[in-house]
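Residues in the sequence shown are numbered from 19 upward in steps of one, following this note's numbering. Idealized CB from N, CA, C, for every residue including glycine. Computed from a predicted structure; not experimentally measured.
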Amino acid sequence: QVQLVESGGGLVQAGGSLRLSCAASGSIYSINAMEWYRQAPGKQRELVGGITSSGSTNYADSVKGRFTISRGNTKNTVYLQMNSLKPEDTAVYYCRAKTYGSTWWWGQGTQVTVSL
């Protein structure tokens, strides 16, 4: 099993920045990719971006150029650096880990609120 804990959410003004962290524990050796999702009130959960075990990243068009996903030195922590935040970025942000056995694990989420 893999446990994921997100942190770093909060309230920020439009144009500001936040960095979210996702710390993995448990069978971290089995993880081959980690992703960030978000879900705004009344909307479906959507992919923000992800990073593979080799370090390749991908991003949703809505966040390209503003958000950056990276891994910590220990590789069991993934970060989501969010710059130039907009009110439409307001959502609960979730971390998801995919294992080599094609099992998915979710974190509990962290709230990000961007005010005008």
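Please classify residue i: does DSSP put it in a helix, a strand, or coil?
| i | result |
| --- | --- |
| S88 | strand |
| Y112 | strand |
| Y47 | helix |
Taking residue i as the reference, give the member of the options with the closest Cα.
| i | options | result |
| --- | --- | --- |
| W124 | D79, T86, S35, A41 | A41 |
| L135 | W122, Q126, I49, F85 | Outside the shown range of the chain, which is 19 to 134, sits residue 135, and nothing can be said about it. |
| G44 | Q99, T92, L22 | L22 |
| N94 | C113, G28, A109 | C113 |
| N76 | P105, A51, V132, T108 | A51 |
| E53 | A78, G27, Q31 | A78 |
| V30 | G119, P105, T117, T121 | P105 |
| S48 | V81, G119, S74 | G119 |
For my contact list, residue i and residue j are in at a C-beta cut-off of 8 Å; report their separation, rounded to the angstrom.
| i | j | result |
| --- | --- | --- |
| E64 | T128 | Not quite, the Cβ-Cβ distance comes to about 16 Å (not below 8 Å), so this is no contact. |
For residue i, I'd like the list of residues in its chain whose CB is within less than 6 Å of its CB, leaving aside the five on either flank, ordered along the chain.
| i | result |
| --- | --- |
| N101 | S35, R84 |
Using a Cβ-Cβ cut-off of 7 Å (strictly less than) and excluding sequence neighbours within five positions of residue i, which residues of its own chain qualify?
| i | result |
| --- | --- |
| T108 | A58, V130, T131, V132 |
| I46 | V20, N94 |
Please return the same chain residues whose Cβ sits closer than 8 Å to the Cβ of residue i, not counting the five positions on each side in sequence.
| i | result |
| --- | --- |
| R56 | R63, E64, V66, D107, A109, V110, Y111, Y112, V130 |
Using the beta-carbon count (16 or more within 10 Å), is residue i buried or exposed?
| i | result |
| --- | --- |
| G68 | buried |
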